Amino acid sequence: MKRILLIVGGGIAAYKACEFVRLCRKAGISVKCVLTDGAQHFVTPMTLAALSENQVYTTLWDLKDETEMGHIQLSREADVIVVAPATADLLAKMTAGIADDLATTLLLATDKPVVAAPAMNVRMWLHPATQRNVTQLRSDGVTVLNPDEGSMACGEYGPGRLPEPAAILDHLHNHFRVDKILANRHILVTAGPTHEPIDPVRYIANRSSGKQGFAIAAALANLGARVTLVSGPVTLPTPPGVTRIDIETAQEMANAVATALPADAAVMVAAVGDWRAETAEQKLKKGETAPTLHLSENPDILALLSASPRRPKLVVGFAAETERVIEHATAKRLRKGADWIVANDVSGDVMGGSDNMVHLVTADGVEDWERMPKDQVAHKLAERIAHAL
Ligand code: CTP
Numbered sequence: 003m004k005r006i007l008l009i010v011g012g013g014i015a016a017y018k019a020c021e022f023v024r025l026c027r028k029a030g031i032s033v034k035c036v037l038t039d040g041a042q043h044f045v046t047p048m049t050l051a052a053l054s055e056n057q058v059y060t061t062l063w064d065l066k067d068e069t070e071m072g073h074i075q076l077s078r079e080a081d082v083i084v085v086a087p088a089t090a091d092l093l094a095k096m097t098a099g100i101a102d103d104l105a106t107t108l109l110l111a112t113d114k115p116v117v118a119a120p121a122m123n124v125r126m127w128l129h130p131a132t133q134r135n136v137t138q139l140r141s142d143g144v145t146v147l148n149p150d151e152g153s154m155a156c157g158e159y160g161p162g163r164l165p166e167p168a169a170i171l172d173h174l175h176n177h178f179r180v181d182k183i184l185a186n187r188h189i190l191v192t193a194g195p196t197h198e199p200i201d202p203v204r205y206i207a208n209r210s211s212g213k214q215g216f217a218i219a220a221a222l223a224n225l226g227a228r229v230t231l232v233s234g235p236v237t238l239p240t241p242p243g244v245t246r247i248d249i250e251t252a253q254e255m256a257n258a259v260a261t262a263l264p265a266d267a268a269v270m271v272a273a274v275g276d277w278r279a280e281t282a283e284q285k286l287k288k289g290e291t292a293p294t295l296h297l298s299e300n301p302d303i304l305a306l307l308s309a310s311p312r313r314p315k316l317v318v319g320f321a322a323e324t325e326r327v328i329e330h331a332t333a334k335r336l337r338k339g340a341d342w343i344v345a346n347d348v349s350g351d352v353m354g355g356s357d358n359m360v361h362l363v364t365a366d367g368v369e370d371w372e373r374m375p376k377d378q379v380a381h382k383l384a385e386r387i388a389h390a391l
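For the sequence shown, our numbering gives the first residue as 3, with consecutive numbering after it.
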């Protein structure tokens, strides 16, 4: 990553954009800045021009700028577009595809990766409209970082602070790293829930969203691995560079995993249904008494893989627990023959949420990782896998 187009939104955190530009220049990255009208109330084009050592752009309607550097070209000559601070208003416009000034027009015209670092009042961040926009932007492929938590310029406390400039830059470095340390490795990832049918219209499922598994597949692919992602029914887009196999039941997942071998490593993140029901051929009708489900145990895919003669060199399992997390995870690691278990407490808002707090259980002991967004857990785990391989 050599060239950043930085779009500065109109919020008090715009002053931190100056620090971000300074850090980029120090790291040898060239930065061109675009300021919205609002941003110019907080920082001046002159400040950013001096720090970036580049012309700063503020309007669509400048004939001179447009002849020297058309706005489409401006959005295409960068390796990445960073929006910092991404205000609630900018996020909403990006979601809706509104292009009514230079910044939003560039964002709509670009074919480059976009990373948005939000900053706004806590209530604005938590408002259902903003949350809905963030979810939509993420599924459109925009990387929306989570804001930091803390006290805000407006005197309130909570999530909404701009992530530190150094953290934004770290994220970009991770995303654009050129050393593809997992090149020529094949890694198998399972993700999402399974659906175990009861009859043609009903099934047994669980709350897994697949987010953590998809983030791990993306992070491994980002390090150059060839990734096969065996996924239960989820509503997530397939990460770039990942081969996805969709399944519904645990049995289908077991078959897909066996077919995908050999692999150098396997990361079993799926929340596999432990039991399957005897499936009725026709839809069950309401009668006088409620039907009884006859359940039988599903194959334990992780345990089977660990014991298989085609066992990948590194087998990583997950343990979703609601109590005595470490104790259960440690026992699970031995029982299932996994090398590592990534354990998490799912009694709170982890399932379906975007953050995760995990513990890495290995033969050497237990490491506690701090609470972080699921894609950061994924990056950290991918790095560890790369080093282990
Ligand atoms: N797993 C699997 N096949 C199954 C059940 C679980 O591959 N049939 C894998 C999961 O993908 C995860 C690990 O085993 O990596 C632990 O899953 P978990 O549901 O926590 O374990 P269970 O064996 O179901 O144990 P329990 O429900 O008793 O805690």
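The C-beta atom is built at its ideal place from N, Cα and C for all residues, glycine as well.
What you are looking at is a predicted structure, and each value in this text was computed from that prediction instead of being measured.
Own chain partners of residue i with C-beta closer than 6 Å, once the 5 adjacent residues on each side are dropped
i      : result
ALA217 : LYS376, ASP377 and ALA380
PRO2   : No information on residue 2 is available, as it lies outside the stretch 3 to 391 that the chain covers here.
GLY226 : LYS182, LEU184 and ALA185
LEU286 : ASP201 and PRO293
LEU297 : TRP277 and ALA279
GLY243 : ALA223
THR112 : SER77 and ILE83
ALA384 : ALA221, LEU222 and LEU225
VAL116 : ILE83 and VAL144
GLY72  : none
ALA282 : ASP201
ARG24  : LEU53
ASN176 : HIS381
Close beta carbons around residue i, own chain, < 8 Å, minus the five adjacent residues each side
i      : result
LEU139 : LEU93, MET96, THR97, ALA118 and VAL146
CYS20  : VAL45, THR49, LEU50 and LEU53
LEU391 : LEU184, ARG187, ASP266, ALA267, LYS315 and LEU316
ILE303 : THR192, ALA252, MET255, ALA256, VAL259, MET270, ALA272 and VAL274
GLN284 : ASP201 and PRO202
VAL327 : ALA321, ALA345, ASN346, ASP347 and HIS361
SER356 : ASN148, LYS213, PRO375 and LYS376
Within 9 Å, strictly: CB atoms of residue i and residue j
i      : j      : result
ILE183 : VAL229 : no
ILE6   : VAL58  : no
GLY162 : ALA193 : no
ALA258 : VAL274 : no
LEU62  : LEU104 : yes
ALA223 : PRO239 : no
GLY30  : GLY12  : no
ASN56  : VAL85  : no
MET36  : ILE14  : What sits at residue 36 in the sequence shown is Val, not Met. Taking 9 Å as the Cβ cut-off, VAL36 and ILE14 do not qualify as a contacting pair.
GLU151 : GLY143 : no
ALA321 : ALA305 : no
GLY319 : ALA340 : yes
ALA219 : LEU231 : yes
SER349 : GLU329 : no
THR132 : MET122 : yes
LYS28  : ALA80  : no
THR60  : GLN42  : yes
VAL236 : PRO195 : yes
LEU128 : CYS26  : no
ALA101 : MET126 : no
Close-in-space but distant-in-sequence residues of the same chain around residue i (CB under 7 Å, 5 per side omitted)
i      : result
LEU295 : ILE200 and ALA279
ILE206 : GLU198, ILE200, GLY275 and ALA279
LEU352 : Per the sequence shown, the amino acid found at residue 352 is Val instead of Leu. Counting only Cβ-Cβ distances below 7 Å, and skipping sequence neighbours, we find ASN346 and ASN358.
GLU299 : ASP276 and TRP277
GLU369 : HIS361 and LEU362
SER308 : VAL317, LYS338, GLY339 and ALA340
ASP67  : TYR59
ALA388 : ILE183, LEU184 and LEU225
GLU134 : Residue identity differs from the one stated: residue 134 is Arg in this sequence, not Glu. If we look at ARG134 and ignore the five residues flanking it on each side, it has no Cβ neighbours.
query = At which residue ranges does the segment 268-316 contain complete beta strand (DSSP E) runs of 3 or more residues, listed in the order of the chain?
reply = 277-279 and 297-299
ask   = Can at least three beta-carbon pairs, one atom from the segment 310-329 and one from the segment 259-267, be found at a separation below 8 Å?
value = yes
key: At least 3 beta-carbon pairs within less than 8 Å: the segment 165-172 vs the segment 239-257   = no
Length-filtered (4 minimum) alpha helix (DSSP H) runs lying within the segment 328-375 = none
ask   = Going along the chain, which unbroken runs of the alpha helix (DSSP H) with 4 or more residues stay wholly within the segment 7-42?
value = 16-28
query = On the three-pair Cβ rule with 8 Å, is the segment 362-374 touching the segment 150-159?
reply = no
request  = Only counting runs of 4 or more residues, tell me where the alpha helix (DSSP H) segments fall wholly within the segment 40-110, in order along the chain.
outcome  = 47-54, 65-70, 73-78 and 90-98
request  = Could you name each continuous alpha helix (DSSP H) segment of 4 residues or more that falls completely within the segment 177-224, going from the start of the chain to the end?
outcome  = 213-224
Beta strand (DSSP E) runs contained entirely in the segment 139-174, provided each spans 3 or more residues = Listed in chain order, the complete beta strand (DSSP E) runs (minimum 3 residues) inside the segment 139-174 are 150-153 and 159-163.
key: Runs of alpha helix (DSSP H) wholly within the segment 115-139 (minimum 4 residues, chain order)   = 124-128
key: Segments of 4+ residues assigned as alpha helix (DSSP H) that fall wholly inside the segment 235-270   = 252-262
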